[in-house]
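Engineer: Counting from 348, one number per residue, gives the positions in the sequence shown under the working numbering.
Every residue gets a Cβ at the ideal spot worked out from N, C-alpha and C, and that includes glycine.
A single structure is presented below for examination.
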Amino acid sequence: MADESDVGLVGEVRTVCDVIRTALGPFGANKLLVGADGNVKTTASSTELLDSLDVDDPAVTLLSSTATGFRERHGDGAGSVVALVGALLTEAERLRERGLHPTAIEQGYRTGLERALATLDRTARPLDEYGPAAVARTALTGTRDPSARGAVADQVAAALERLGDEVGTGDVGPGARDAIEVVSRTGGAAAETELVEGVVLDRNLTTPAMPRTPDRRGVAVLSSTVDVPTVGTELGRVSRRVELDVDSFEEREAVADYERSAFAEQLDAAVEAGCGAVFTEQAINERVESELAARGVLGVDRLDADELRRVARATGATVVPTLEQVTAETLGDAAVRVERKAGRDMTFVTDGAGEAVYTLFCRAPDPRSATAFERSVESAVAAAAAAVRDGRVVPGGGAAEATAAEAVRREARSIPDRSQLAAEAFGDALMTVPRALGRTAGMDAWEAEIRLRVARSEDRDAVGVDALAGTTRDVLAEDPIVDPLPVKRATLTAATDLAVQLVRIDERLSATDLGDDAEGEEGMGPGPAGGAGRPNAD
């Protein structure tokens, strides 16, 4: 029977996984999050749920970091990873109660994973048969409006098609976070989402006096504050420091006049080079805003690093430290304008001379919907890009997991040792995804699973759960439901690796117990292998 302490080490992880599992699919249940400050919000996002949970358990922290890292790398599938981890841990607990050692469980899980991955490769179809829009539509669970899902999916596919060979770069597609950005704004409906060829910034002019559409197309991209130069400052390596002592008011005024004059010269030089807009990662000081406006220069400040990089990429500009380094060669070229969208000014950088950059400008009626829809569109972009990069897809709606589960069960029958039990359990755990999709869609989850198993016995591997229709069907027929093969493979691998790590945990130690001082404690002399003398929990 399993040691109760061992079970307790991962008990909270299974609880969290159960919560995340109910949020899978287009009808995933929302969770009400109550913050320590009393703020309340709802979400069905797996990563947001994990980030918001106030849990100190180290195993849960490991689960959260794995899911977050998975989403950062692949852009989609983090919820499935967490759900599978929970199912594998539940099966592992059952196996431990039957006397199976963690090593045997790991061997069985590894065998099951190998067979599942081989089955995914065997059942994969060419993307050309369905197109990237079908992949984007499948991942777009943030709205159930068929017309909105279709329109946004077509826009994602159009952006990927225009990017062409660039789709083959990056972990999740076309340099994903640089080439296609998703920006959401509260106000309007999801169907109003539009694809903008260029950069859309949720940033406003630093002062209303600046032009909303500058006459000059030159774009300067800076990494530091736009301000008058201070006497005695110098960029680059400084071999000596010079201090300026000013004793009188007249001397202070003279220094200030010199600094203002120096800035005016820098600004004049930039304007003569064709500069009409300035984007900076730092601030634009209030004392120079009026001078920029007087010379017809649009200024946007406090961009984050990703936004700054996208502006530079779209315009072809070279990022320089200050206005003094701006020349005709460092300036980018683009049409810059400020438009009012949904009650707020936003900056558009379009028709640029740099590399192709696209922005999906999403709309939603309320803040919660806007955030959920934005995350969903990001997943759709990542999934479609991954499919385009690999060129293969697998049936969605839990169909791929059901087919892999059946193959793993058959493989397990040929295993001569006790790891056979773990391989069979791995196959059973794979069914947690189609069961969850069926349950959240209001179906009888076990009835849905039986239908999927019957379909596999009849060699119909494309039968899966259509959550929006509330039934099981051939998901490759009309309105196909497909998932990118690379993300599906990565999901099974990440879930198995984390589950095995957690299964093999037999004790929780404070980091201070691992230091040299711990060996000198009374009754804790070094063991045979030079350890701390703790007995093996097995």
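Could you please give the first and the last residue of the uninterrupted beta strand (DSSP E) stretch that includes leucine 569?
Structural biologist: For the purposes of this step, residue 569 is taken as the residue at position 222 of the sequence shown. Run containing leucine 569: 565 to 569, per the beta strand (DSSP E) assignment.
Engineer: If you reduce the DSSP assignment to three classes, tell me which class arginine 559 lands in.
Structural biologist: Residue mapping note: residue 559 aligns to position 212 of the sequence shown, counting from 1. Residue state, collapsed to three classes: coil.
Engineer: Looking at alanine 770 and threonine 458, is the spacing between their C-beta atoms short of 8 Å?
Structural biologist: In the sequence shown, residue 458 corresponds to position 111, counting from 1. In the sequence shown, residue 770 corresponds to position 423, counting from 1. Their beta carbons are under 8 Å apart, which means threonine 458 touches alanine 770 by this criterion.
Engineer: Considering only the beta carbon of each residue, do leucine 678 and glycine 621 sit closer than 8 Å?
Structural biologist: Your numbering for residue 678 matches position 331 in the sequence shown. Your numbering for residue 621 matches position 274 in the sequence shown. Contact flag set, yes.
Engineer: Could you tell me which whole alpha helix (DSSP H) segments of length 4 or greater appear in the segment 621 to 688?
Structural biologist: Runs of the alpha helix (DSSP H) inside the segment 621 to 688: 633 to 641 and 652 to 662.
Engineer: Classify serine 412: buried if its beta carbon has 16 or more other beta carbons within 10 angstroms, exposed otherwise.
Structural biologist: One-based indexing of the sequence shown puts residue 412 at position 65. So serine 412 counts as exposed.
Engineer: For a test of the three-state rule: what should DSSP assign to tyrosine 456, helix, strand or coil?
Structural biologist: Numbered from its first residue, the sequence shown carries residue 456 at position 109. Tyrosine 456 falls in the helix class under three-state DSSP.
Engineer: Evaluate the contact criterion for the segment 489 to 500 versus the segment 706 to 724: three or more CB pairs, one atom per stretch, below 8 Å.
Structural biologist: Touching, per the Cβ criterion.
Engineer: At which residues does the alpha helix (DSSP H) containing leucine 832 begin and terminate?
Structural biologist: Position 485 of the sequence shown, counted from the first residue, corresponds to residue 832. From DSSP, the alpha helix (DSSP H) with leucine 832 extends over 832 to 850.
Engineer: Where does serine 761 fall in DSSP's three states?
Structural biologist: One-based indexing of the sequence shown puts residue 761 at position 414. In this structure, serine 761 counts as coil in the three-state DSSP scheme.
Engineer: Run through DSSP, which three-state label would isoleucine 797 get?
Structural biologist: For the purposes of this step, residue 797 is identified with residue 450 of the sequence shown, where counting begins at 1. In this structure, isoleucine 797 counts as helix in the three-state DSSP scheme.
Engineer: Measure the alpha-carbon distance for phenylalanine 626 versus aspartate 648 and round it to whole angstroms.
Structural biologist: Position 279 of the sequence shown holds residue 626. Position 301 of the sequence shown holds residue 648. Approximately 6 Å, taken between the alpha carbons.
Engineer: Per DSSP, serine 804 is paired with what?
Structural biologist: On the sequence shown, position 457 is the one that residue 804 refers to. Partner(s): none; serine 804 has no beta bridge.
Engineer: Give every residue of the same chain whose Cβ lies closer than 6 Å to the Cβ of phenylalanine 417, excluding the five residues on either side of it in the sequence, and list them in chain order.
Structural biologist: As a first step, residue 417 is located in the sequence shown; it is residue number 70 there, counting from the start. Same-chain partners within the cutoff: Ala425, Val428 and Ala841.
Engineer: Whose C-beta lies closer than 7 Å to the C-beta of alanine 675 among residues of the same chain, with five residues either side of it excluded?
Structural biologist: Locating residue 675 in the sequence shown gives position 328, counting from the first residue. For alanine 675, where only same-chain residues beyond five positions count, the Cβ hits under 7 Å are Ala620 and Gly621.
Engineer: Quick test of the definition: if touching needs 3 or more C-beta pairs under 8 Å, does the segment 771 to 786 touch the segment 794 to 811?
Structural biologist: Yes: the two stretches touch, three or more of their Cβ pairs being nearer than 8 Å.
Engineer: Name, in chain order, the residues that DSSP records as bridge partners for glutamate 528.
Structural biologist: Here residue 528 is taken as the residue at index 181 of the sequence shown, counted from 1. Per DSSP, Thr706.
Engineer: In its own chain, which residues sit with a C-beta less than 6 Å from the C-beta of threonine 572, not counting the 5 before and 5 after it?
Structural biologist: The residue labelled residue 572 in the question sits at position 225 within the sequence shown. If we look at threonine 572 and ignore the five residues flanking it on each side, its Cβ neighbours are Gln629 and Ala630.
Engineer: Evaluate glycine 583 with the Cβ neighbour count: other Cβ atoms within 10 Å of its Cβ, from every protein chain shown; 16 or more gives buried, anything less gives exposed.
Structural biologist: Here residue 583 corresponds to residue number 236 of the sequence shown, with the count starting at 1. Note that glycine 583 scores 45 on pLDDT, short of 50, meaning its location in the model is unreliable; the coordinates nonetheless yield the value given after this. Result: exposed.
Engineer: For valine 553 and glutamate 636, which I take to be in contact (beta-carbon distance under 8 Å), what is that distance rounded to the nearest angstrom?
Structural biologist: Numbered from its first residue, the sequence shown carries residue 553 at position 206. Numbered from its first residue, the sequence shown carries residue 636 at position 289. Residue identity differs from the one stated: residue 553 is threonine in this sequence, not valine. Sure, about 5 Å apart at Cβ, within 8 Å.
Engineer: Can you tell me where the beta strand (DSSP E) with arginine 691 in it begins and where it stops?
Structural biologist: For this step, residue 691 is matched to residue 344 along the sequence shown. That run of the beta strand (DSSP E) goes 691 to 697.
Engineer: Using the rule of at least 16 other Cβ atoms within 10 Å of the residue's Cβ for burial, across every protein chain shown, is aspartate 808 buried or exposed?
Structural biologist: The sequence position of residue 808 within the sequence shown is 461, counting from 1. Aspartate 808 is buried by the Cβ-count criterion.
Engineer: How would you write the range of the alpha helix (DSSP H) that leucine 815 sits in, first residue to last?
Structural biologist: Here the question's residue 815 lines up with position 468 in the sequence shown. Careful: leucine 815 lies outside any alpha helix (DSSP H) and carries neither H nor E.
Engineer: To the nearest angstrom, how far is it from the Cα of phenylalanine 773 to the Cα of alanine 376?
Structural biologist: For the purposes of this step, residue 773 is taken as the residue at position 426 of the sequence shown. For the purposes of this step, residue 376 is taken as the residue at position 29 of the sequence shown. Cα to Cα, phenylalanine 773 sits roughly 26 Å from alanine 376.
Engineer: Determine contact between the segment 694 to 702 and the segment 542 to 558, defined as no fewer than three beta-carbon pairs at a distance below 8 Å.
Structural biologist: The answer is yes - the segment 542 to 558 touches the segment 694 to 702, with three or more Cβ pairs under 8 Å.
Engineer: Let me check one thing: in DSSP terms, what residues is valine 741 bridge-paired to?
Structural biologist: Here the question's residue 741 lines up with position 394 in the sequence shown. Valine 741 is bridged to Asp830.
Engineer: In angstroms, rounded to a whole number, what distance separates the CA positions of alanine 483 and glycine 623?
Structural biologist: Working through the sequence shown from its first residue, we reach residue 483 at position 136. Working through the sequence shown from its first residue, we reach residue 623 at position 276. Roughly 38 Å between the two C-alpha positions.
Engineer: Where do the ends of the alpha helix (DSSP H) carrying glycine 320 lie?
Structural biologist: Here the chain has residues from 348 to 885 only, and residue 320 is not among them.
Engineer: Starting from valine 573, trace the alpha helix (DSSP H) both ways and give me its first and last residue.
Structural biologist: Translated into positions along the sequence shown, residue 573 becomes position 226. Counting along the chain, valine 573 falls outside any alpha helix (DSSP H), and DSSP gives it neither H nor E.
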